[in-house]
Amino acid sequence: MRDLNDILVFVNVIEAGSFSAAAERLGLPKSNISRKVSRLENELGIRLIERTTRTLHLTEAGRMYFDHAVRIKDELDYAEASISQMKGTPRGLIRVAASVTVGQQIIKPELSGFMRKYPDIRIDLELSNRRVDIVSEGIDLAIRVGELKDSSLVAKYLGTARLLLYASPEYLAGHAAVETPGNLLDHSCLHMSAVGSKAIWRLNSGSQQEIIEIEPILSVEDFDAIADAALGGLGVALLPHYIGDSLVTKGLLKPVLPGWEMESKRFYAVYPSHRGATPKLRVFLEYFYERIKTRLG
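Using the numbering used here, read the sequence shown as starting at 2 and increasing by one per residue.
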């Protein structure tokens, strides 16, 4: 019978991305980690990981084995968490993934309060604009925008972000008025986008729609950076309402083209179905659900 510890070490190596990172995560010497994975491969009679000096990649057999092994690890985590619930104390590690903006604007402000309330829970927060593979990367929960495509995941609706136009008072005072969407073509525009994507603003007002292909003076995949540029008077920015409206309240930005906005973005908390019942994730969802809904308005 396979040594379960070897299987769990293998899963941790893949989730952590390297033998060194897995060793640090598990508190074991790197040599022990390597030996356990090698022993597992020898017992299976097939190579699971292709190793180089800097990277590792799953073989086809390794991918298949990992997909099953990670479920074993999840079930063990759930079993331990259930025992913790019986003891009355949620505990353990929660791995959370979100975009940089969502992490900075929505999760981070509430994080310290949660961790004070649940001191036995540890948080591994990955802020990145790439779309993580929740299952293969061992993510417990991700905050995502848009409809769910993977039927093996659960999506809990959190709220909707409106995308509106803003600019600084200084910028607006020094430039021609923006009275129609078409006027934007004569203005400096600040655009949040991935590298290489087209800068197209589809603005809606009731039943009307205007499609404007702008030539932004700044494109960056981070709404916080766009907001900073707008505050610096660089141009007209398209921002989520939860960023822009707070800056309007402070008198730092002004709305541009009130009544016009881009298609709203729906936010979801996404997680594997079997993890949603674990005590640690349940209290995380309960704590953040109302706070995120309030933030999104």
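All C-beta atoms in this analysis are idealised placements derived from N, C-alpha and C, irrespective of residue type, glycine included.
As the structure is a computational prediction, the values presented were derived from the model and not from experiment.
Nearest-angstrom Cβ-Cβ length linking residue i and residue j, presumed shorter than 8 Å
{"i": "Gly139", "j": "Glu44", "result": "Gly139 to Glu44, Cβ: 23 Å. No contact."}
{"i": "Glu214", "j": "Ala200", "result": "7 Å"}
{"i": "Leu128", "j": "Val101", "result": "5 Å"}
{"i": "Val10", "j": "Ile34", "result": "6 Å"}
{"i": "Gly234", "j": "Cys190", "result": "Not a contact, Cβ separation roughly 13 Å."}
{"i": "Met263", "j": "Asp223", "result": "Actually they are not in contact, since the Cβ atoms of Met263 and Asp223 sit about 17 Å apart, beyond 8 Å."}
{"i": "Asp99", "j": "Ile144", "result": "Reading off the sequence shown, one finds Ala at residue 99, where the question assumed Asp. Yes, they are in contact, since the Cβ atoms of Ala99 and Ile144 sit about 4 Å apart, within 8 Å."}
Unbroken beta strand (DSSP E) run spanning residue i, endpoints
{"i": "Ile212", "result": "209-214"}
{"i": "Asn130", "result": "First-last for Asn130: undefined, no H or E at that position."}
{"i": "Lys157", "result": "154-168"}
{"i": "Arg145", "result": "142-146"}
{"i": "Leu258", "result": "Segment: none, Leu258 is in no beta strand (DSSP E) and carries neither H nor E."}
Boundaries (first-last residue) of the alpha helix (DSSP H) holding residue i
{"i": "Ser113", "result": "109-118"}
{"i": "Glu264", "result": "Note, Glu264: premise wrong, no alpha helix (DSSP H); beta strand (DSSP E) at 263-273."}
{"i": "Val10", "result": "5-17"}
{"i": "Ile95", "result": "Element bounds for Ile95: not the alpha helix (DSSP H) but the beta strand (DSSP E), 93-99."}
{"i": "Val249", "result": "242-250"}
{"i": "Leu297", "result": "280-297"}
{"i": "Ser21", "result": "20-27"}
{"i": "Val38", "result": "31-45"}
{"i": "Leu191", "result": "It is not in any alpha helix (DSSP H) - Leu191 instead sits in the beta strand (DSSP E) that spans 190-193."}
{"i": "Leu232", "result": "224-232"}
Own chain residues within Cβ distance below 7 Å of residue i, not counting five before or after
{"i": "Ser21", "result": "Lys31"}
{"i": "Ile8", "result": "Leu41, Ala70, Ile73"}
{"i": "Val14", "result": "Phe20, Ala23, Ile34, Val38"}
{"i": "Ala162", "result": "Pro241, His242, Tyr243, Ser265, Lys266, Phe268, Leu297"}
{"i": "Tyr119", "result": "Pro91, Val284"}
{"i": "Glu171", "result": "Gly234"}
Sequence-distant residues of its chain with Cβ nearer than 6 Å to residue i (five each side left out)
{"i": "Ser153", "result": "none"}
{"i": "Leu204", "result": "Pro182, Glu211, Trp261"}
Other residues of its chain near residue i: CB distance less than 8 Å, five sequence neighbours each side excluded
{"i": "Leu232", "result": "Ser169, Leu248, Leu253, Leu254"}
{"i": "Asp225", "result": "Val101, Thr102, Gln105, Gln106, Ile244"}
{"i": "Asp68", "result": "Val136, Ser137"}
{"i": "Ile218", "result": "Ser189, Cys190, Leu191, Leu235, Gly236"}
Check whether residue i and residue j have beta carbons under 8 Å apart
{"i": "Tyr269", "j": "Leu159", "result": "yes"}
{"i": "Lys281", "j": "Ile122", "result": "yes"}
{"i": "Val12", "j": "Leu142", "result": "no"}
{"i": "Val179", "j": "Leu239", "result": "no"}
{"i": "Asp78", "j": "Thr279", "result": "yes"}
{"i": "Ile124", "j": "Leu112", "result": "yes"}
Can at least three beta-carbon pairs, one atom from the segment 165-184 and one from the segment 241-254, be found at a separation below 8 Å? yes
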